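First up is the structure itself, then whatever we jot down about it.
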Amino acid sequence: MLQEKVTIRDTEFTVRELTVDQMMPIMALITEDNQAGQKLLMQSCIHLDGDDEPIGAALSGYPFVVFTKVMMTVLRLNGMSEEENTPEGND
8 MLQEKVTIRD TEFTVRELTV DQMMPIMALI TEDNQAGQKL LMQSCIHLDG
58 DDEPIGAALS GYPFVVFTKV MMTVLRLNGM SEEENTPEGN D
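Going by my numbering, the sequence shown wraps up at 98, each residue one higher than the last.
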């Protein structure tokens, strides 16, 4: 699975690609409630560096800049943007 590190304000996050089983319920939610779906997508993909578990609900306690700066990486790694979805060095 693809992953990419993103550093924001001296905090390193790792964004990980989701599996089909992880993504399908999120896609359904995005169709029903776009904001809730986007938030769940972020909560499921972002890990504090070194953590095996995703950030989950703790994402809500971070500044909004974390959400906005990491979102493009989340979308790209999960094939939801038109950009190349393979980060350099992680082929």
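Think of the CB as a built atom: it goes at the ideal place given N, C-alpha and C, for glycine as much as any other residue. Values in this document were obtained by computation on a predicted structure and should not be read as measured data.
Euclidean distance between Cα positions of residue i and residue j
| i | j | result |
| --- | --- | --- |
| Gln29 | Asn85 | 11 Å |
| Val72 | Thr14 | 11 Å |
| Val77 | Glu39 | 23 Å |
| Gly68 | Lys46 | 13 Å |
| Phe20 | Gln42 | 21 Å |
| Asp59 | Arg16 | 21 Å |
| Gly57 | Thr80 | 18 Å |
| Asn92 | Lys12 | Low confidence applies here, because Asn92 scores a pLDDT of 49, under 50, leaving its location unreliable; read the following figure in that light. Cα to Cα, Asn92 sits roughly 14 Å from Lys12. |
Residue nearest to residue i in terms of C-alpha spacing, selected from the options
| i | options | result |
| --- | --- | --- |
| Pro61 | Glu90, Pro70, Gln50 | Gln50 |
| Gln10 | Thr18, Thr26, Arg16, Asp17 | Thr26 |
| Gly22 | Pro32, Pro70, Gly63 | Sequence check: residue 22 is Val here, not Gly. Considering only alpha carbons, the answer is Gly63. |
| His54 | Glu24, Ile37, Glu90, Met31 | Glu24 |
| Ile37 | Glu90, Leu82, Thr18 | Leu82 |
Which residues DSSP lists as bridging residue i, in chain order
| i | result |
| --- | --- |
| Phe74 | According to DSSP, which records beta bridges pairwise, Phe74 is partnered with nothing at all. |
| Lys12 | Thr21 |
| Leu55 | Phe20 |
> Taking only runs of the alpha helix (DSSP H) that begin and end inside the region 17 to 43, which ones reach a length of at least 4 residues, in chain order?
Replying inline: 27 to 39
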